[in-house]
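S.K.:
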Amino acid sequence: MMRTSVQVELGARAYTVEIGPGLLAEAGERMAPLLARPRVAVLTDETVAGLHLEALGEGLARAGVQMQALALPAGEATKGWPQLQRAVEWLLECRVERRDIVVALGGGVIGDLAGFAAAILRRGVRFVQIPTTLLAQVDSSVGGKTGINSAHGKNLIGAFHQPSLVLADTAALDTLPARDFLAGYGEVVKYGLLGDADFFAWLERHGAGLARGDMAARVEAVARSVRMKAEIVARDETEQGDRALLNLGHTFCHALEAATGYSDRLLHGEGVAIGCALAFELSARLGLCSQEEPGRVRAHLRAMGMKVDLADIPGDLPDAAALLDLMAQDKKVVDGQLRFVLARGIGRAFVTSDVPERAVRALLEDVLAGR
Numbered sequence: 000m001m002r003t004s005v006q007v008e009l010g011a012r013a014y015t016v017e018i019g020p021g022l023l024a025e026a027g028e029r030m031a032p033l034l035a036r037p038r039v040a041v042l043t044d045e046t047v048a049g050l051h052l053e054a055l056g057e058g059l060a061r062a063g064v065q066m067q068a069l070a071l072p073a074g075e076a077t078k079g080w081p082q083l084q085r086a087v088e089w090l091l092e093c094r095v096e097r098r099d100i101v102v103a104l105g106g107g108v109i110g111d112l113a114g115f116a117a118a119i120l121r122r123g124v125r126f127v128q129i130p131t132t133l134l135a136q137v138d139s140s141v142g143g144k145t146g147i148n149s150a151h152g153k154n155l156i157g158a159f160h161q162p163s164l165v166l167a168d169t170a171a172l173d174t175l176p177a178r179d180f181l182a183g184y185g186e187v188v189k190y191g192l193l194g195d196a197d198f199f200a201w202l203e204r205h206g207a208g209l210a211r212g213d214m215a216a217r218v219e220a221v222a223r224s225v226r227m228k229a230e231i232v233a234r235d236e237t238e239q240g241d242r243a244l245l246n247l248g249h250t251f252c253h254a255l256e257a258a259t260g261y262s263d264r265l266l267h268g269e270g271v272a273i274g275c276a277l278a279f280e281l282s283a284r285l286g287l288c289s290q291e292e293p294g295r296v297r298a299h300l301r302a303m304g305m306k307v308d309l310a311d312i313p314g315d316l317p318d319a320a321a322l323l324d325l326m327a328q329d330k331k332v333v334d335g336q337l338r339f340v341l342a343r344g345i346g347r348a349f350v351t352s353d354v355p356e357r358a359v360r361a362l363l364e365d366v367l368a369g370r
């Protein structure tokens, strides 16, 4: 069977990311060594519950583990105070104790919210991530970033709280709508662009097969993405330095998500893809990389059928000044200075605060005008 695992090396809080098909059926035996008593509380969403909750329940039952579950509404709007409060109160009603485990079954929204709920419940209980989307498997389930959105911006309320185990069942990706799979692929591409030119070249060759369902390619892509993220997280758990590289494309992305009201107009991974294209275009304009590099990035995203330009986002967008204002609320602002992740080429990203605002404004004005 196509299986692999990646260790996230964080000393006493180290954990394993298991990757491959069929892990839902083995959830009970995989989790049993972590359990003080044979029961777990599962947070999921209504869409994922209909697809995977029964399989998870059966996998747990095989190892004699009981499951209680709460399904929250699907969608980014769930990542806010009302559903967080609902989740925490439910976990307290379930008498979840400090030695128990909360399970996050779903995509990035559920993983972020459930992880934050676990972080603040009784001042911290353990949790297990079972990511069911490509985006969650390669990015949000690994590294311990948890949280919710605010009216002021995305992920502004949260905590670093590492999972005890991640089970990335790649067979779950078969149930994803094509748009959601490609949105997750935006985060996969990001890893090649930020630090592994060979991986980006591999994706240029195998991306189409990945999208069609090639399981071996899917396991490989998830494993390579997780391995890179795990190495960065081990060096810089709380984003004081290197971990900021993982935000390639995100400064643009978060502003665009806010501008579209965190709605289905723009999925997070779609925003990341557009943001990566913009970051490379900005890098070329600043003379950091050749003009060919942004073209290669855009060509691959286009070949995959992904959103690449602001024009690909349906509906009206605010002007460049308003988008710059949204960027200024980003978590990556330090002493009022925006930090960008730019690139000297594919696989050679770096973090800088030395970006003239006029250059960003000019880029946004040009792309909004369709130039």
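Each residue of the sequence shown is one higher than the one before, counting from 0 in our numbering. Using N, Cα and C, we set each Cβ at its ideal position, and we do this for glycine too.
I believe residue 86 touches residue 68 by the beta-carbon criterion, under 8 Å. Please report the beta-carbon distance rounded to the nearest angstrom.
M.R.: Residue 86 to residue 68, Cβ: 11 Å. No contact.
S.K.: Quick one: is residue 250 buried, meaning 16 or more other Cβ sit within 10 Å of its Cβ, or exposed?
M.R.: buried
S.K.: Sorted by chain position, which residues of the same chain lie with C-beta nearer than 7 Å to residue 256's C-beta, five sequence neighbours on each side aside?
M.R.: 153, 265, 267 and 270
S.K.: Where does the unbroken alpha helix (DSSP H) through residue 372 begin, and where does it stop?
M.R.: Given a span of 0 to 370 for the chain in the structure shown, any question on residue 372 remains unanswerable.
S.K.: When you compare only the Cα positions, how much space is there between residue 13 and residue 118?
M.R.: 17 Å
S.K.: May I ask you to report which of helix, strand or coil DSSP gives residue 140?
M.R.: Three-state result, residue 140: coil.
S.K.: Rounded to whole angstroms, what is the Cα-Cα separation between residue 64 and residue 53?
M.R.: 14 Å
S.K.: My understanding is that residue 224 touches residue 190, with C-beta atoms under 8 Å, so please give their C-beta distance in whole angstroms.
M.R.: Between residue 224 and residue 190 the beta-carbon gap is near 5 Å, inside 8 Å, which marks them as a contact.
S.K.: In the stretch 293-359, which residue ranges form an unbroken alpha helix (DSSP H) of at least 4 residues, counting only runs that do not cross its ends?
M.R.: 319-326
S.K.: Roughly how many angstroms separate the alpha carbons of residue 120 and residue 147, rounded to a whole number?
M.R.: So the alpha carbons of these two residues sit roughly 15 Å apart.
S.K.: Considering only residues of the same chain and omitting the five flanking positions on each side of residue 160, which have a CB-CB separation below 8 Å?
M.R.: The residues are 114, 115, 117, 118, 123, 126, 143 and 145.
S.K.: Considering only C-alpha positions, which residue in the set 358, 288, 327 and 323 is nearest to residue 345?
M.R.: Ranking 358, 288, 327 and 323 by CA distance to the CA of residue 345 puts 288 first.
S.K.: What would DSSP say about residue 271, mapped onto helix, strand or coil?
M.R.: helix
S.K.: Whole angstroms is fine: what's the gap from residue 34's alpha carbon to residue 96's?
M.R.: Cα to Cα, residue 34 sits roughly 11 Å from residue 96.
S.K.: Three or more beta-carbon pairs under 8 Å between the stretch 66-84 and the stretch 228-243, yes or no?
M.R.: no
S.K.: Check whether the Cβ of residue 302 sits closer than 8 Å to any heavy atom of the ligand MN, and report yes or no.
M.R.: Judged by which ligands are present, the structure shown has none, so any question about the ligand MN falls away.
S.K.: For the candidate residues 254, 319 and 297, whose alpha-carbon lies nearest to that of residue 366?
M.R.: 319
S.K.: Hey, would you say residue 300 sits closer than 9 Å to residue 309, going by beta carbons?
M.R.: Cβ atoms of residue 300 and residue 309: not closer than 9 Å.
S.K.: Along the alpha helix (DSSP H) that carries residue 14, what are the first and last residues, could you check?
M.R.: Not the alpha helix (DSSP H): residue 14 falls in the beta strand (DSSP E), residues 14-19.
S.K.: Using a 10 Å radius around the Cβ and a threshold of 16 neighbouring Cβ atoms, would you call residue 280 buried or exposed?
M.R.: By the 10 Å Cβ count, residue 280 comes out buried.
S.K.: Does the Cβ of residue 324 have 16 or more other Cβ atoms within 10 Å, making it buried, or fewer, making it exposed?
M.R.: exposed
S.K.: Between which two residues does the beta strand (DSSP E) containing residue 157 stretch?
M.R.: Its beta strand (DSSP E) spans residues 152-159.
S.K.: Looking at the secondary structure, which residues open and close the beta strand (DSSP E) in which residue 168 lies?
M.R.: 164-168
S.K.: Under 7 Å Cβ to Cβ from residue 222, same chain only, skipping five residues before and after it: list those, please.
M.R.: Correct list, in chain order: 3, 5 and 18.
S.K.: Under the rule that 16 or more other beta-carbon atoms within 10 Å means buried, what is residue 247, buried or exposed?
M.R.: buried
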